[in-house]
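Engineer:
Protein chains: 4
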Amino acid sequence: MSFTTEIEVRFKHCDPAGIVFFPRYFEMINDVVEDWFATDLGLPFHELVKENGAPTAQIQATFTAPSLHGDVLTFRLAPTRIGNASLDYELTAHCRDELRLSATATLVHVARLGRSLAWPQAIRDRVSAQIASA
Amino acid sequence: MSFTTEIEVRFKHCDPAGIVFFPRYFEMINDVVEDWFATDLGLPFHELVKENGAPTAQIQATFTAPSLHGDVLTFRLAPTRIGNASLDYELTAHCRDELRLSATATLVHVARLGRSLAWPQAIRDRVSAQIASA
Amino acid sequence: MSFTTEIEVRFKHCDPAGIVFFPRYFEMINDVVEDWFATDLGLPFHELVKENGAPTAQIQATFTAPSLHGDVLTFRLAPTRIGNASLDYELTAHCRDELRLSATATLVHVARLGRSLAWPQAIRDRVSAQIASA
Amino acid sequence: MSFTTEIEVRFKHCDPAGIVFFPRYFEMINDVVEDWFATDLGLPFHELVKENGAPTAQIQATFTAPSLHGDVLTFRLAPTRIGNASLDYELTAHCRDELRLSATATLVHVARLGRSLAWPQAIRDRVSAQIASA
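Structure (structure tokens):
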């Protein structure tokens, strides 16, 4: 099962070529992860980051077509693996039928001092259910 | 041969955990690529983007340790391959002896309409020389 | 008559103190102006900026209370004056009943070469109607 | 006495019109304030924000001419008043002889809980000396 949300390309996202500047896609991806945690996993990031954190340990993204100001992007995120403290997901963004980017990434659940920390069981259960229903 | 430059971690780069928010690393990486073009390749981005562009087609990054406000990061970029319109590089950032991130990416030289465009011969020559001297 | 929209404070907006970093408020304000043009003035920014522009000529903002990650901010924008090529507005953001920021700003309609350009009559009419109904 | 530093306009600062997007100027201004604290006041922001903070309480900026990718901006900051916990400054940015922006702002020294906090005497002394020598 995947999580889907839409983000409109804004003036602030665009570079002098009039297309999304690639670091702005990573801000969008972070928003999508936040929304997924709040909506599907029941753990809003503003709760999670009070005590702990979930930084991105690695990410790879391929930008297959440029996005223009005014485009509405449909992001789809699906978890693919949950380890003790790690969590892999894959993500795509489309505008209408055109793929604009595809990415895979790993989040790590950490304590404030930076040590990895097992995911709460409730998160593990929901992510596992999403992976199982894929 | 690699290109080296330093970037200090600023307040603006840091998140509520007090560490660099990962999309800000991609802004830093873009600055490093700009500096490399201006310094080693003789083609400042503000010249390059007047007519054409060099968007990032794909990038993958691994964040091996967090960076704190005030850290001075040493970025090292080395080209690894130049195709007709593509250009691969690898990049690392260290703080003192600690690796903070490693990345590989592909730039594509494009005309304003988005079609790929062969790199100018002067760029090709300089990048090839850097690769050869690695 | 004023335009109202909501923006949720995201992780990306917040600084190491856990509150919105003030330059991010200006990105939010730009989004609000974009939404106002699209919704109330019938001129989406991605249309407007194809030929011309509407840069901010001056802005002043007072931040009366900090905003936290997870807060939902209600922005209210009202135009106060439309000149030949200029447009003044005032804006507030509240979280529940608490005022977080108030701002006033001036946009200028410009041609691509930077010269000021009279607002289209349709824009002038709608803004004037909003001012009149305040 | 004023503090002076240079910032080059980067690709990341520029919008689809090819000029600096105004919220990016506020990121630059924050960098200038950071540099001023570190260089002239002996209190790097990464030290200051460990325990306390210095958020911007109000700012007003006038953008008198657009800045282009590749421009080198000379920022000049001068304190104008130091209160118990507040600090006013004025700032300009020029490119060669052309004024690009002028701003005035107020910082407030706060404890982590958000209450205002008297500036340390060493800061007060240095700022007062700068104001006196203006």
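Protein chains in written order, with our numbering: chain A, 431 to 564; chain B, 431 to 564; chain C, 431 to 564; chain D, 431 to 564. Cβ atoms here follow ideal geometry from the backbone N, Cα and C, with glycine treated the same way.
Using a Cβ-Cβ cutoff of less than 7 Å, which residues in the same chain neighbour serine 546 (chain A) once the five nearest sequence positions on both sides are dropped?
Structural biologist: As a position in the first sequence, residue 546 (chain A) is number 116, starting the count at 1. Within the same chain, serine 546 (chain A) has close Cβ partners Ala515, Val538, His539, Val540.
Engineer: Whose C-beta lies closer than 7 Å to the C-beta of phenylalanine 452 (chain A) among residues of the same chain, with five residues either side of it excluded?
Structural biologist: As a working note, residue 452 (chain A) is residue 22 in the first sequence. Excluding sequence neighbours, phenylalanine 452 (chain A) sits near Phe493.
Engineer: Distance check for glutamate 528 (chain C) and serine 558 (chain C), CA to CA, integer angstroms please.
Structural biologist: The residue labelled residue 558 (chain C) in the question sits at position 128 within the third sequence. The residue labelled residue 528 (chain C) in the question sits at position 98 within the third sequence. If I take the Cα positions, the gap works out to 29 Å.
Engineer: With DSSP run on the structure shown, which of helix, strand or coil describes aspartate 465 (chain D)?
Structural biologist: The sequence position of residue 465 (chain D) within the fourth sequence is 35, counting from 1. Here aspartate 465 (chain D) sits in helix by DSSP.
Engineer: Quick check on alanine 491 (chain A): buried or exposed, where buried means 16 or more other Cβ atoms within 10 Å of its Cβ?
Structural biologist: Residue mapping note: residue 491 (chain A) aligns to position 61 of the first sequence, counting from 1. By the neighbour-count rule (16 or more Cβ atoms within 10 Å), alanine 491 (chain A) is buried.
Engineer: Pull up the distance between the alpha-carbon of histidine 499 (chain D) and that of aspartate 465 (chain B), whole angstroms please.
Structural biologist: As a working mapping, residue 499 (chain D) is identified with position 69 in the fourth sequence. As a working mapping, residue 465 (chain B) is identified with position 35 in the second sequence. Looking at the two C-alpha atoms, the distance is approximately 13 Å.
Engineer: Label valine 450 (chain A) either buried or exposed according to how many other C-beta atoms from any shown protein chain fall within 10 Å of its C-beta, with 16 as the threshold for buried.
Structural biologist: Along the first sequence, read from residue 1 onward, the residue named residue 450 (chain A) stands at position 20. Buried.
Engineer: Throw me the rounded Cβ distance for the aspartate 445 (chain C) and phenylalanine 456 (chain B) pair, which I believe falls under 8 Å.
Structural biologist: Taking the first residue of the third sequence as position 1, residue 445 (chain C) is located at position 15. Taking the first residue of the second sequence as position 1, residue 456 (chain B) is located at position 26. Aspartate 445 (chain C) to phenylalanine 456 (chain B), Cβ: 19 Å. No contact.
Engineer: Determine the burial state of arginine 530 (chain A): buried for a count of at least 16 other Cβ atoms within 10 Å of its Cβ, exposed for fewer.
Structural biologist: One-based indexing of the first sequence puts residue 530 (chain A) at position 100. The residue in question, arginine 530 (chain A), is buried, as its Cβ has 16 or more Cβ neighbours within 10 Å.
Engineer: Which residue spans inside the region 477–529 of chain D form an unbroken beta strand (DSSP E) run of at least 3?
Structural biologist: For the region 477–529 of chain D, whole beta strand (DSSP E) runs of length 3 or above, ordered along the chain, are 486–493, 502–512, 516–525.
Engineer: By the three-class DSSP mapping on this structure, what secondary structure does serine 432 (chain B) have?
Structural biologist: The residue you call residue 432 (chain B) lines up with position 2 of the second sequence. Coil at serine 432 (chain B), not helix or strand.
Engineer: Please report the straight-line C-alpha distance between isoleucine 553 (chain D) and histidine 443 (chain C), rounded to a whole angstrom.
Structural biologist: The count along the fourth sequence starts at 1 and reaches residue 553 (chain D) at position 123. The count along the third sequence starts at 1 and reaches residue 443 (chain C) at position 13. Cα-Cα distance, rounded: 29 Å.
Engineer: So for serine 546 (chain A), helix, strand or coil by DSSP?
Structural biologist: Taking the first residue of the first sequence as 1, we reach residue 546 (chain A) at position 116. Strand at serine 546 (chain A).
Engineer: Does any C-beta atom of chain C lie closer than 9 Å to the C-beta of proline 474 (chain D)?
Structural biologist: Taking the first residue of the fourth sequence as 1, we reach residue 474 (chain D) at position 44. No, because no Cβ of chain C sits closer than 9 Å to the Cβ of proline 474 (chain D).
Engineer: Flag this pair as yes or no: are the beta carbons of leucine 398 (chain B) and leucine 521 (chain B) separated by less than 9 Å?
Structural biologist: Residue 398 (chain B) is absent from the structure shown; chain B starts at 431 and stops at 564.
Engineer: When we look at the beta-carbon of alanine 447 (chain B) and count the other beta-carbons within 10 Å, is it buried (16 or more) or exposed?
Structural biologist: As a working note, residue 447 (chain B) is residue 17 in the second sequence. It is buried - the Cβ of alanine 447 (chain B) has at least 16 other Cβ atoms within 10 Å.
Engineer: For alanine 548 (chain D), which residues of its own chain have a beta-carbon under 6 Å away from its beta-carbon, when the five flanking residues on both sides are left out?
Structural biologist: By one-based count along the fourth sequence, residue 548 (chain D) stands at place 118. Excluding residues within five positions, the ones whose Cβ falls inside 6 Å are Asn514, Ala515.
Engineer: Starting from isoleucine 553 (chain D) and walking both ways along the alpha helix (DSSP H), at which residues does that stretch end?
Structural biologist: Mapped onto the fourth sequence, residue 553 (chain D) falls at position 123. Counting along the chain, the alpha helix (DSSP H) containing isoleucine 553 (chain D) begins and ends at 551–562.
Engineer: For methionine 431 (chain C), count neighbouring Cβ atoms within 10 angstroms of its own Cβ and tell me buried if that reaches 16, exposed if not.
Structural biologist: Taking the third sequence and counting its residues from 1, the one referred to as residue 431 (chain C) is at position 1. Under this definition methionine 431 (chain C) is an exposed residue.
Engineer: Taking 8 Å as the cut-off, is the CB of alanine 487 (chain C) close to at least one heavy atom of the ligand MN?
Structural biologist: Within the structure as shown, the ligand MN is missing, as the structure has no ligands at all.
Engineer: Since I believe proline 509 (chain C) is in contact with isoleucine 437 (chain C) (beta carbons under 8 Å), could you give me their beta-carbon distance rounded to a whole number of angstroms?
Structural biologist: Within the third sequence, the letter at position 7 stands for residue 437 (chain C). Within the third sequence, the letter at position 79 stands for residue 509 (chain C). Not a contact, Cβ separation roughly 20 Å.
Engineer: Hey, does cysteine 444 (chain D) have any beta-carbon neighbour from chain A nearer than 9 Å?
Structural biologist: Numbered from its first residue, the fourth sequence carries residue 444 (chain D) at position 14. Yes, its Cβ sits closer than 9 Å to a Cβ of chain A.
Engineer: Given this structure, state the Cα-to-Cα distance separating leucine 473 (chain C) from valine 463 (chain C), to the nearest angstrom.
Structural biologist: Along the third sequence, one-based indexing puts residue 473 (chain C) at 43. Along the third sequence, one-based indexing puts residue 463 (chain C) at 33. Those two C-alpha atoms are separated by around 11 Å.
Engineer: Listing by chain order, which chain A residues have their CB less than 9 Å from the CB of asparagine 460 (chain C)?
Structural biologist: Here the question's residue 460 (chain C) lines up with position 30 in the third sequence. The answer, in chain order, is Arg440, Phe441, Lys442.
Engineer: Measuring only the C-alpha atoms, how far is alanine 484 (chain D) from arginine 526 (chain A)?
Structural biologist: As a first step, residue 484 (chain D) is located in the fourth sequence; it is residue number 54 there, counting from the start. As a first step, residue 526 (chain A) is located in the first sequence; it is residue number 96 there, counting from the start. Using only the alpha carbons, I get a separation of about 45 Å.
Engineer: Do alanine 523 (chain A) and methionine 458 (chain A) have their C-beta atoms closer together than 9 Å?
Structural biologist: Start at 1 with the first residue of the first sequence, and residue 523 (chain A) comes out as number 93. Start at 1 with the first residue of the first sequence, and residue 458 (chain A) comes out as number 28. Contact flag set, yes.
Engineer: What's the C-alpha gap between asparagine 482 (chain D) and phenylalanine 475 (chain C)?
Structural biologist: Locating residue 482 (chain D) in the fourth sequence gives position 52, where the first residue counts as 1. Locating residue 475 (chain C) in the third sequence gives position 45, where the first residue counts as 1. Asparagine 482 (chain D) and phenylalanine 475 (chain C): Cα-Cα distance of roughly 40 Å.
Engineer: Return the CA-CA distance between tyrosine 518 (chain D) and isoleucine 512 (chain D), expressed in angstroms with no decimal places.
Structural biologist: Locating residue 518 (chain D) in the fourth sequence gives position 88, counting from the first residue. Locating residue 512 (chain D) in the fourth sequence gives position 82, counting from the first residue. It should be pointed out that residue 518 (chain D) corresponds to aspartate in this sequence rather than to tyrosine. Their Cα atoms are separated by approximately 6 Å.
Engineer: Taking all protein chains shown into account, do 16 or more other C-beta atoms lie within 10 angstroms of the C-beta of proline 542 (chain C), making it buried, or fewer, making it exposed?
Structural biologist: Indexing the third sequence from 1 puts residue 542 (chain C) at position 112. A quick correction: the sequence has arginine, not proline, at residue 542 (chain C). So arginine 542 (chain C) ends up on the exposed side.
Engineer: For isoleucine 489 (chain B), which of B:Thr534, B:Phe467, B:Ser497 has the nearest alpha-carbon?
Structural biologist: On the second sequence, residue 489 (chain B) is found 59 positions in, with the first residue counted as 1. Of the candidates B:Thr534, B:Phe467, B:Ser497, the one whose C-alpha sits nearest the C-alpha of isoleucine 489 (chain B) is B:Thr534.
Engineer: State yes or no: is the beta carbon of valine 387 (chain D) nearer than 9 Å to at least one beta carbon in chain B?
Structural biologist: Residue coverage of chain D in this structure runs from 431 to 564, which leaves residue 387 (chain D) outside it and unanswerable.
Engineer: Give every residue of the same chain whose Cβ lies closer than 7 Å to the Cβ of aspartate 501 (chain C), excluding the five residues on either side of it in the sequence, and list them in chain order.
Structural biologist: Translated into positions along the third sequence, residue 501 (chain C) becomes position 71. Cβ neighbours of aspartate 501 (chain C) beyond the five flanking positions: Val439, Cys525.
Engineer: Checking contacts by CB at 9 Å: is proline 496 (chain A) closer than that to chain D?
Structural biologist: Mapped onto the first sequence, residue 496 (chain A) falls at position 66. Not an interface residue.
Engineer: Does the beta carbon of phenylalanine 451 (chain C) come closer than 9 Å to any beta carbon on chain B?
Structural biologist: In the third sequence, residue 451 (chain C) corresponds to position 21, counting from 1. Answer yes: the Cβ-Cβ gap between phenylalanine 451 (chain C) and chain B drops below 9 Å somewhere.
Engineer: Per DSSP, what are the beta-bridge partners of glutamate 438 (chain D) in this structure?
Structural biologist: The residue you call residue 438 (chain D) lines up with position 8 of the fourth sequence. The partner list for glutamate 438 (chain D) (beta bridge, DSSP) reads D:Val502.
Engineer: What's the C-alpha gap between threonine 469 (chain B) and aspartate 470 (chain C)?
Structural biologist: Here the question's residue 469 (chain B) lines up with position 39 in the second sequence. Here the question's residue 470 (chain C) lines up with position 40 in the third sequence. If I take the Cα positions, the gap works out to 47 Å.
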